[in-house]
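Have a look at the structure below, then the notes.
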Amino acid sequence: MRALRQRVPPLLALAFVIFLLAPREAIGQSKQQWSLQSPDGNIQVEVQRSPLGYSVTYNGQPVIENSPLGLEFKDQPPFGELKLVNDQHHEVDLTTVPVWGKSSSIRNHYREMTLSFEEQANPGRKLDVIFRAYADGVAFRYSLPASSRTEKFVVTKEQTAFRFPSDPTVWATIYASFHNSYEGHFPRERISDLPESAIIGLPLLAQVQPSLYVAITEADLTDWAGMSLKSSRGDLVANLSPRLDGNGLVVGTTPHASPWRVLMLGTTPGALIESNIIENLNPPSAIKDTSWIQPGMMAWDHWWSGDVKMDNDTIKRYISFAGEMGFPYQLIDWQWYGPFNQPGADITRPAPQLDMPMLLQFAKDHHVREWLWIHSGDVNRTLQAGKLDDAFATYERWGIAGVKIDFMDSDDQDMVNWYRHIVELAAAHHLMVDFHGAFKPTGLRVTYPNLLTREGVEGNEYNKFTNRVTPTHKLTIPFTRMLAGPMDYTPGGFLNRSPAEWKQTTPTEVMGSRAQELALFIVYWSPLTCVTDDPEQYRNQPGLEFLRVVPTVWDETKVLDGVVGEHIVVARRKGDKWFIGAMTGDQVYNYQLPLSFLGNGTYTAHLFTDPEDPGVSYEALSQSDRTVTSKDTLALHMRPAGGAALYFELVKGN
Numbered sequence: 015m016r017a018l019r020q021r022v023p024p025l026l027a028l029a030f031v032i033f034l035l036a037p038r039e040a041i042g043q044s045k046q047q048w049s050l051q052s053p054d055g056n057i058q059v060e061v062q063r064s065p066l067g068y069s070v071t072y073n074g075q076p077v078i079e080n081s082p083l084g085l086e087f088k089d090q091p092p093f094g095e096l097k098l099v100n101d102q103h104h105e106v107d108l109t110t111v112p113v114w115g116k117s118s119s120i121r122n123h124y125r126e127m128t129l130s131f132e133e134q135a136n137p138g139r140k141l142d143v144i145f146r147a148y149a150d151g152v153a154f155r156y157s158l159p160a161s162s163r164t165e166k167f168v169v170t171k172e173q174t175a176f177r178f179p180s181d182p183t184v185w186a187t188i189y190a191s192f193h194n195s196y197e198g199h200f201p202r203e204r205i206s207d208l209p210e211s212a213i214i215g216l217p218l219l220a221q222v223q224p225s226l227y228v229a230i231t232e233a234d235l236t237d238w239a240g241m242s243l244k245s246s247r248g249d250l251v252a253n254l255s256p257r258l259d260g261n262g263l264v265v266g267t268t269p270h271a272s273p274w275r276v277l278m279l280g281t282t283p284g285a286l287i288e289s290n291i292i293e294n295l296n297p298p299s300a301i302k303d304t305s306w307i308q309p310g311m312m313a314w315d316h317w318w319s320g321d322v323k324m325d326n327d328t329i330k331r332y333i334s335f336a337g338e339m340g341f342p343y344q345l346i347d348w349q350w351y352g353p354f355n356q357p358g359a360d361i362t363r364p365a366p367q368l369d370m371p372m373l374l375q376f377a378k379d380h381h382v383r384e385w386l387w388i389h390s391g392d393v394n395r396t397l398q399a400g401k402l403d404d405a406f407a408t409y410e411r412w413g414i415a416g417v418k419i420d421f422m423d424s425d426d427q428d429m430v431n432w433y434r435h436i437v438e439l440a441a442a443h444h445l446m447v448d449f450h451g452a453f454k455p456t457g458l459r460v461t462y463p464n465l466l467t468r469e470g471v472e473g474n475e476y477n478k479f480t481n482r483v484t485p486t487h488k489l490t491i492p493f494t495r496m497l498a499g500p501m502d503y504t505p506g507g508f509l510n511r512s513p514a515e516w517k518q519t520t521p522t523e524v525m526g527s528r529a530q531e532l533a534l535f536i537v538y539w540s541p542l543t544c545v546t547d548d549p550e551q552y553r554n555q556p557g558l559e560f561l562r563v564v565p566t567v568w569d570e571t572k573v574l575d576g577v578v579g580e581h582i583v584v585a586r587r588k589g590d591k592w593f594i595g596a597m598t599g600d601q602v603y604n605y606q607l608p609l610s611f612l613g614n615g616t617y618t619a620h621l622f623t624d625p626e627d628p629g630v631s632y633e634a635l636s637q638s639d640r641t642v643t644s645k646d647t648l649a650l651h652m653r654p655a656g657g658a659a660l661y662f663e664l665v666k667g668n
């Protein structure tokens, strides 16, 4: 039996146990089905040989009915009759300590089954299918093993399908083409309502039973095309982004593995938010010294609240604000190097009106470091000219903390590889990365933790030019887009309005109460949290002090309550402090918050909540402090499009 490859550095492995499980039956051509069960026994996977397919049950309830598996290749016939040549089972239980995350330690406990197939007739091609079963989901991938010689291949179709037992409710986003910004809504509908011509983005959330939720996404996307879905006679089928050169979907040589196809499973939608399955399915950090990778809050220059005003005084004003707030970073957004996405753009030469040495010194004097925005087209031209390494070296000499790269708008195989190359090169120069115009996260942040966050979400900036950032949208994306990983929503709009009062204007207004906007900093997860509004909108405003204390990474995450599109309550811990973010959609929401998550001792609870008077401004905030213990319960009342933000400080331990 082949040796198991450990997927975490020894220093990060707190426990590592392998149990080798012998196949229940001898390998043979007559066997037609193989089973895999999760360590807790709740999830059962069945794989059948002819035709190759799989099914999944959770607590005895069907999740996926028998669904096809397989790949098709250019200039090759479909796989013929398969015979099993090897059947390997093992169990892994280990605990890892991530560089940063929504949990300070992660248990990676799964059972794995590798089924190695070979065609019975010529040409005798080989295909491995690897399944993992966790307590919180199932993942599987294809592996094309090496034969006696390295073989080139072109994938033209992935046959993977997801066949639900009925016509469940789903929350899915649809893209107009494979070239898009990945910023969309996730409306509630039935699978049968999804048009068969649509490109269905991931993650997709489905409610299979009243107490059974499943989300489809992918992990460890490496040298492969990104996956969306398409509807086909009620099934959801893998839909890979085509290569721009027209040569199929994926080009490679053996040995080669596909990404993991992931089914996140839980009895509540909030359980999926707590899951670390994406982290567990990615290789550990490739960066040995990660001490320079520092998540935190970032002030954002004038683009969102008005338009870019790219001059020294404006940038200094935002640096000063970041310094006053204790934020470690400030972002200099587009136009800092003049006209962008043009052949002559130089990403190392500031626009003539900017005194970059002065600005960098000014930032240093205020204990702030700068991030720089770059258009992906200019990054690519610099890369093709062989000068990107020099450009990143220049940023390193300047003391730049990181780069925000924008407008990639694709997840074909070449772009997937481009992402990895960029974060590798950035890491070599101690630069952190924020991708905008970016496809969904798939866990690259685990292997390259200098990749702090990415967009791929319809965030606060949309309030500038649409009415789409509604309470329902804001209460849907934690259960959909955020399941894949951090999202740079850019919270913090302080011109708060009720949905009826909101209007499209400059400076930009946001739908929702001040308390709800504060709650976004807890509910939405982004290790680099870009604070969206203009300093002038923050001056002497209630709730501003909350932004001084809220962290961006966490030691523990619990979802206490949640209904997709309606309301959510999230508790996150950093050290001995607990933070609570609660939000509601179009309706009033009353929640009795049990404080049993608190440890022993006495705490001071700092409450930032909606006022009791329903007629007051949505910018109004009720603030109070209370002394509490884990035996207490707090009553939270939220107005429509409202919320609550709380944090608890330990004042006396037992």
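So for the sequence shown, the working numbering puts the first residue at 15; every next one is plus one. Every residue gets a Cβ at the ideal spot worked out from N, C-alpha and C, and that includes glycine. All values reported here derive from a predicted model rather than from experimental measurement.
C-alpha distance - residue i paired with residue j, whole-angstrom precision
i      : j      : result
Trp238 : Val251 : 17 Å
Phe145 : Arg459 : 23 Å
Leu216 : Phe192 : 13 Å
Thr396 : Leu402 : 5 Å
Ala415 : Trp385 : 6 Å
Leu497 : Pro366 : 43 Å
Ser638 : Arg653 : 18 Å
Pro92  : Glu86  : 6 Å
Ile287 : Asn136 : 46 Å
Phe406 : Ser206 : 49 Å
Ala186 : Leu219 : 7 Å
Phe508 : Tyr476 : 15 Å
Asn261 : Val169 : 9 Å
Thr282 : Glu472 : 24 Å
Thr174 : Gly74  : 23 Å
Asp327 : Phe335 : 12 Å
Pro353 : Leu439 : 24 Å
Ala658 : Lys378 : 35 Å
Asn100 : Leu141 : 11 Å
Leu558 : Ala529 : 11 Å
His104 : Thr128 : 9 Å
Ala655 : Met597 : 7 Å
Cβ neighbours of residue i in the same chain (closer than 7 Å, five flanking residues each side left out)
i      : result
Phe579 : Checking the sequence, you will find Gly at residue 579 rather than Phe. The residues are Arg202, Thr486, Leu489, Thr490 and Gly599.
Thr520 : Gly320
Arg38  : Confidence at Arg38 is low in this model, with a pLDDT of 41, below 50, so its placement is unreliable and the value that follows should be read with caution. Cβ within range, chain order: n/a, list empty.
Arg587 : Trp568, Asp569 and Glu570
Val437 : Val447, Leu458, Tyr462, Asn464 and Leu465
Thr616 : Thr641, Thr643, Val665 and Lys666
Where the beta strand (DSSP E) through residue i begins and ends
i      : result
Arg383 : Arg383 to His389
Arg468 : Leu465 to Arg468
Phe167 : Lys166 to Glu172
Gln223 : Leu218 to Gln223
Ala252 : Asp249 to Leu254
Met278 : Trp274 to Gly280
Beta carbon of residue i nearer than 9 Å to that of residue j
i      : j      : result
Gly115 : Asn290 : yes
Leu609 : Thr643 : yes
Asp347 : Lys418 : yes
Glu469 : Tyr196 : yes
Gly451 : Ser512 : no
Ala359 : Asp392 : yes
Ser245 : Pro298 : no
Lys171 : Leu263 : yes
Tyr351 : Leu279 : no
Close beta carbons around residue i, own chain, < 6 Å, minus the five adjacent residues each side
i      : result
Asp425 : Gly240, Ser255 and Phe453
Leu243 : Ile214, Leu250 and Asn253
CB contact below 9 Å: residue i versus chain B
i      : result
Trp568 : In the displayed structure, chain B is absent; only one protein chain is listed.
Integer Cβ distance of residue i from residue j, believed to fall under 8 Å
i      : j      : result
Leu660 : Ala634 : No, Leu660 and Ala634 are not in contact; Cβ-Cβ is about 17 Å, not under 8 Å.
Phe449 : Met429 : The pair is not a contact, with the Cβ atoms about 11 Å apart (cut-off 8 Å).
Tyr605 : Val583 : 6 Å
Tyr632 : Ser527 : 5 Å
Beta-carbon contacts of residue i that lie in its chain and below 8 Å, excluding the five residues immediately before and after
i      : result
Tyr148 : Ser52, Pro53, Ile57, His123, Tyr124, Ile291 and Asn294
Ala273 : What sits at residue 273 in the sequence shown is Pro, not Ala. Closer than 8 Å at the Cβ level, and outside the excluded window around Pro273, lie Arg155, Glu232, Ala233, Asp234, Leu235, Thr236, Trp238, Met241 and Thr456.
Range of the contiguous alpha helix (DSSP H) that encloses residue i
i      : result
Ser638 : No alpha helix (DSSP H) holds Ser638; the beta strand (DSSP E) holding it covers Ser636 to Val642.
Met127 : Not the alpha helix (DSSP H): Met127 falls in the beta strand (DSSP E), residues Ile120 to Glu133.
Leu286 : Pro283 to Glu288
Thr328 : Asn326 to Met339
Lys488 : Pro485 to Lys488
Gln4   : In the structure displayed, the chain extends from 15 to 668; residue 4 sits before or after that span and is not available.
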